[in-house]
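Visitor: Mind looking over this structure? Questions follow.
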Amino acid sequence: MCFHYRQTKNGLQLEKQFQLPLKKGVNIQPITYVNGFAHPEVPIITNQESLITTGQWGLLPDFATNISFAKNTLNARAETISEKPSFAPYIHQRCLVLSDGFYEWQWHNVSGIKKQKYFITTAQQSMVMAGIWSCWKDQITFSIVTTQANDLMSEIHNTKKRMPVVLKPTDFNDWLQGAPIHNFQFPYEVPLIAEKIVEENQNFSLF
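Written out as structure tokens, the structure reads:
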């Protein structure tokens, strides 16, 4: 699954790259480590308007009573997204999640005590992940759509064997305009690059 990523571009850099203006009042600063469980506001582009805006990570459906529900909706499985009450009403509310790449851990034993951290990126300026969004109490919230892991991610994410749906630049509009979600499930894929991250202490919590 995808719970941690990197987004190191500011608003001006994103405007230049995507050739879209920032939404009025939105301030985007680089974040070297985006932790989904903190439900940060991060840059996205929705199908509602041709602007770069921000959304809170963790989709909140209309029936959610408080923000704590968002810990359950950081990711939405492409295979079951249309069946889940939390996601089904929003499958046509598409967004692009703008990032440099995401972090994932390879477990070296079944307990997960020994694990290796990787940063996964692409050869593009940005990694753009597929998302769906909702508006909850005037707040845009979103989930990252995931799919079966490709060969590389099956080796790295060797427990659940999942990965986010990473979009090709030529498919950004297709995603936003509501093309069938199954079109973007594995074996649809973008070539990924994995960088091993060396840390002083490999025994840490993911949360």
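Per this note's numbering, the very first residue in the sequence shown carries number 418; after that it's consecutive.
For each residue, glycine too, the CB sits at the ideal point set by N, CA and C.
#1: Between which two residues does the alpha helix (DSSP H) harbouring I573 extend?
#2: Helix, strand or coil: which one does DSSP assign to T538?
#3: Which partner residues does C512 have in the DSSP bridge list?
#4: Alpha carbon to alpha carbon, how far is L569 from A611? Give it in angstroms, no decimals.
#5: Taking its Cβ as the centre, do 16 or more other Cβ atoms sit within 10 Å of Y450, making it buried, or is it exposed?
#6: Less than 8 angstroms separating the beta-carbons of L439 and I448?
#7: Spell out a yes or no on whether the segment 484–502 and the segment 520–535 are touching, meaning 3 or more CB-CB pairs, one atom from each, closer than 8 angstroms.
#8: So, using beta-carbon positions, are G518 and F536 closer together than 8 angstroms?
#9: Taking the alpha carbon of A493 as the reference point, which residue from D555, T564, I469, N600 has its own alpha carbon closest?
#10: Can F486 be considered in contact with the ligand HEM, in the sense that its beta carbon sits closer than 7 angstroms to one or more heavy atoms?
#11: If I measure Cβ to Cβ from I508 and keep anything under 7 angstroms in the same chain, skipping five residues before and after, which residues do I get?
#12: If I'm right that Q434 touches Q542 with Cβ under 8 angstroms, what's the distance once you round it to whole angstroms?
Guide: Quick answer:
#1: Locating residue 573 in the sequence shown gives position 156, counting from the first residue. Start and end: 568–573.
#2: Numbered from 1 along the sequence shown, position 121 holds the residue referred to as residue 538. Of the three classes helix, strand and coil, the one that applies to T538 here is strand, per DSSP.
#3: Locating residue 512 in the sequence shown gives position 95, where the first residue counts as 1. C512 pairs with T463, G548.
#4: Walking along the sequence shown from the start, residue 611 turns up at place 194. Walking along the sequence shown from the start, residue 569 turns up at place 152. Those two C-alpha atoms are separated by around 8 angstroms.
#5: As a working note, residue 450 is residue 33 in the sequence shown. Counting Cβ neighbours within 10 Å, Y450 comes out exposed, since fewer than 16 surround it.
#6: Along the sequence shown, one-based indexing puts residue 439 at 22. Along the sequence shown, one-based indexing puts residue 448 at 31. Result no, Cβ atoms of L439 and I448 do not sit closer than 8 angstroms.
#7: no
#8: For the purposes of this step, residue 518 is taken as the residue at position 101 of the sequence shown. For the purposes of this step, residue 536 is taken as the residue at position 119 of the sequence shown. Contact: yes.
#9: Counting from one through the sequence shown, the residue named residue 493 turns up at place 76. The shortest C-alpha separation from A493 is found at T564.
#10: With respect to the ligand HEM, the structure shown offers nothing to examine, as it has no ligands at all.
#11: By 1-based counting over the sequence shown, the position of residue 508 is 91. I498, S499, I549, I598, listed in sequence order.
#12: Taking the first residue of the sequence shown as position 1, residue 434 is located at position 17. Taking the first residue of the sequence shown as position 1, residue 542 is located at position 125. With 8 angstroms as the limit, Q434 and Q542 qualify as a contact, their Cβ atoms being about 6 angstroms apart.
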